[in-house]
Amino acid sequence: RSPNELKSFYNHWLGLPYEEKGDAPDWKILWQRREAYAERTIPADCLLVTGECDVQKRGLYVELVGWTPDRRAYTLYAAYLPALHHDTADETDPVWRHLTELIEQPLPTAFGGTRLIDAFGIDCRFNAPVVYDWVRRHHGCYAIRTEEGWGRPLLANPIKIDFDWKGRRVRHGVQQWKAGSYGAKSR
C-alpha cells in the first residue's frame, strides 16, 4: 500500500496518528545534544543578532537569533505576543509598543557588555499599512514580504513603496524586501 493510503487508514479507520518514515533524527537525541545558555544573552561566538516577526491577526510571533561564523544559530528569544484588543490592525494596540521595547532593549553579551539587534525583519503580508508605519519609525527594521514557490531569490532587491501626495516615490521611505520562503526553509 502507498503511504497516503496507510495514513488515511490509520487516521480515519483506526483513529490513530500515522508516523511517517523519514530521515529526520530522533527528537530525544537532539534534545540531549542541546546547549544550555541564558535567554536573551548573546553567546561569545555570535557575530550577528537578527530578529524576525510574523504578524498575525491576533498577535505577533517574535524570534531573536544569534548567528556564528559557521552558520550555527542560537535562538535567544522566541515568544508569541498577543494583541490586547485581538487585532494587530489597531496600531495603538499595546502589542506594537511591546515589540518596540523588545527590539530597543540592549542584550547582554557573554563578555559583560551589551549590544543591540543588528537587523530586524517584520513580515508585511498581513496588515501591511500598520507594519510599514512601524518600520518607518524604527532604525534597522525591514518590511519583508515572503514569496512562495521554488526559484524565488532568498532575498531580492528592495522595492520602494512610499509615495508622496503627487504619486512620486519618497526617496528615503519604507522599502519592501522580498524573500523566497521555499529556499529559506530548505537551507
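Each residue of the sequence shown is one higher than the last, beginning at 3 in the working numbering. We treat Cβ as the ideally placed atom computed from N, Cα and C, and that holds for glycine.
Within the model, the alpha-carbon separation for W167 versus G175 is close to 13 Å. The C-alpha of H88 lies about 29 Å from the C-alpha of L109.
Close CB contacts of L157 within its chain, under the 7 Å cut and outside five residues either way in sequence, are with W179 and A181 (chain order). In the three-state reduction of the DSSP assignment, V176 falls in the coil class, being assigned neither a helical nor a strand state. For R117, same chain residues with a beta-carbon under 8 Å away, outside a window of 5 residues either side, are I44, V51, P108, L109 and T111 in chain order. Look at I119 here: in three-state DSSP terms it is coil, with no helix or strand label. As computed with DSSP, T148 is found in a beta bridge with A181.
Taking all protein chains shown into account, G123 has 16 or more neighbouring C-beta atoms within 10 Å of its C-beta and is therefore buried.
Counting only runs of at least 3 residues, the region 51-136 fully encloses the following beta strand (DSSP E) elements, listed from N- to C-terminal order: 61-69, 75-84 and 121-125.
Taking every protein chain shown into account, the CB of G53 has 16 or more other CB atoms within 10 angstroms, so this residue is buried. Within the same chain, Cβ atoms closer than 7 Å to the Cβ of R138 are found at V176, the five residues on either side in sequence being excluded. Per DSSP, reduced to three states, the secondary structure at K23 is coil, with no helix or strand assignment. As DSSP reads the structure, R171 sits in a beta bridge with F165. Taking the CA atoms as reference points, T70 sits about 36 Å from T94. By the 16-neighbour rule on beta-carbons within 10 angstroms, A26 is exposed.
Between L83 and V57, the C-beta gap is not smaller than 8 Å, which leaves the two residues out of contact.
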